[in-house]
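To keep things clear, I will list the structure first and then write my remarks on it.
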Amino acid sequence: MIPDVDNDSIAYLNGEFVRLADARISVLDRGFIFGDGIYEVVPVYNGKPFRMEGHLARLARSLAAIGIQADMTPAQWEALVADLIARAGKGDCMVYLQITRGVAKREHAFPNNVAPTIFAMVTPFKRPGAELREKGMSAVAIPDIRWLHCEIKSVSLLGNVLAKQHAVDAGVDEVLQFREGFLTEGSSCNIWIAKDGKLLAPPRSNLILEGIRYGLLEELTTAAGIAFEARPIARSEVDIADEIILTSASKEILPITHFEGKPVGPGVPGPVYTTLRAAYDRAIDAL
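Structural data, given as structure tokens:
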């Protein structure tokens, strides 16, 4: 048994619903041997998936990018997610989907005539509390050492794991990664900065994983009358930002109020964050 895991929760594996503790995958699965697979995480509020269309579109892009044929339509993915949510009986939760190339002899080239492994599970989701929203998070800078296809939501996450562990070792909440002097993202989140009331984001490219909240924040800034620009952001701009903001499925939208041991702006959540946070909460309430 794995500590701190609900081993009696329901999981889906290759067409069957089973107890999570009873789910079994071959050690020759290419996801285990090579990290040859992709994943998706769908937040669920009060039993309703959030931005499901965006998650399924990114899932399809990632599968196509590495040539995995899952033979599941968007409607079938939606039905699977809905079934898992119903079986779990949880209001707020996360649905984790993972698709690997399948089980085959250990050879680097793609195997022929192998069925993909499709796995899904539901995990609890505790929304960020008042302290994080009001106090903010701390972060330090590190070089981005990951591969050049960060736009694929790959299960090969060693670079992200090392980045997060750097934050833990440094005694901070998060890292901001930089490639050749320009901001990319956090360990597992998109990073934004605000300057003079404008929200800035690294552009969509192979250097970042476009979070579902990326498009959402574009919509929210337009609705709120906040100027928005996607462009390369130099480290020097981050150092003098009025606000630094983090977005991800599990963290939603949170302020980073201290960077490299110094306050960001006045060291408290700023007006751009506060406006977007309120709009984000309204989007969830509207589900």
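Using my numbering, count along the sequence shown one by one with no gaps and you end on 288. Where is the CB? At the ideal position from N, CA and C, for every residue including glycine.
> On the three-state DSSP scale, how would you describe Arg25?
Replying inline: Coil, per DSSP.
>> Just to confirm the assignment, what range does the beta strand (DSSP E) spanning Val141 have?
In response: Taken as a continuous stretch (DSSP letters only), the beta strand (DSSP E) holding Val141 covers 138 to 144.
>> Determine whether the beta carbon atoms of Val141 and Val173 lie at a separation below 9 Å.
In response: yes
>> Quick check: Gly182 and Pro256, are their CB atoms within less than 9 Å of each other?
In response: Result no, Cβ atoms of Gly182 and Pro256 do not sit closer than 9 Å.
> Span of the beta strand (DSSP E) holding Asn191?
Replying inline: 191 to 196
> In terms of residue numbering, what span does the beta strand (DSSP E) encompassing His167 cover?
Replying inline: Segment 159 to 171 is the alpha helix (DSSP H) holding His167; no beta strand (DSSP E) there.
> Any idea what DSSP makes of Pro75, helix, strand or coil?
Replying inline: helix
> With a CB to CB cut of under 7 Å and the five nearest residues on each side skipped, what residues in its chain are close to His56?
Replying inline: Glu41, Val43, Ile213
> Which value, in whole angstroms, describes the spacing of the CA atoms of Leu1 and Ile11?
Replying inline: As shown, the chain starts at 2 and ends at 288. That puts residue 1 outside it, with no answer to give.
> Excluding the five sequence neighbours on either side, which residues of its own chain have a C-beta within less than 8 Å of the C-beta of Asp9, listed in chain order?
Replying inline: If you ignore the 5 residues before and after Asp9, its C-beta comes within less than 8 Å of the C-beta of Arg20, Leu21, Ala22, all in its own chain and listed in chain order.
> Helix, strand or coil: which one does DSSP assign to His150?
Replying inline: coil
>> So if DSSP puts Leu201 in a beta bridge, which residue, or which two residues, is it bridged to?
In response: Ile194, Glu230
> Would you say Lys106 and Val45 are within 9 Å of each other, going by their C-beta atoms?
Replying inline: no
> Cα separation between Arg102 and Val156?
Replying inline: 11 Å
> In this structure, what does DSSP give as the bridge partners for Glu175?
Replying inline: Ala140
>> Excluding the 5 residues flanking Asn47 on each side, which residues of the same chain have their C-beta closer than 8 Å to its C-beta?
In response: Gly92, Asp93, Leu288
>> Could you give the first and the last residue of the continuous alpha helix (DSSP H) run that contains Ile245?
In response: Looking at the DSSP string, Ile245 is not in any alpha helix (DSSP H); the run it does join, the beta strand (DSSP E), is 244 to 249.
>> So Glu253 and Gly271 are supposed to be a Cβ contact under 8 Å. How far apart are they, rounded?
In response: Their Cβ separation, rounded to whole angstroms, is 17 Å, which puts Glu253 and Gly271 out of contact at 8 Å.
> For Leu208, which of helix, strand or coil comes out of DSSP?
Replying inline: coil
>> For Ala61, tell me which candidate among Gly198, Thr74, Phe51 has the shortest Cα-Cα distance.
In response: Of the listed residues, the one whose Cα sits closest to Ala61 is Thr74.
> Which of the three DSSP states, helix, strand or coil, is assigned to Arg20?
Replying inline: Correct three-state label for Arg20: strand.
> Of all the options Arg205, Glu17, Gln70, which has the alpha carbon lying nearest to the alpha carbon of Leu81?
Replying inline: Glu17
>> On the criterion of 16 or more Cβ atoms from any shown chain inside 10 Å, does Gln166 qualify as buried, or is it exposed?
In response: exposed
> Does any residue of chain D bring its CB to less than 9 Å from the CB of Arg236?
Replying inline: No chain D is part of this structure, which consists of one protein chain only.
> Helix, strand or coil: which one does DSSP assign to Pro270?
Replying inline: coil
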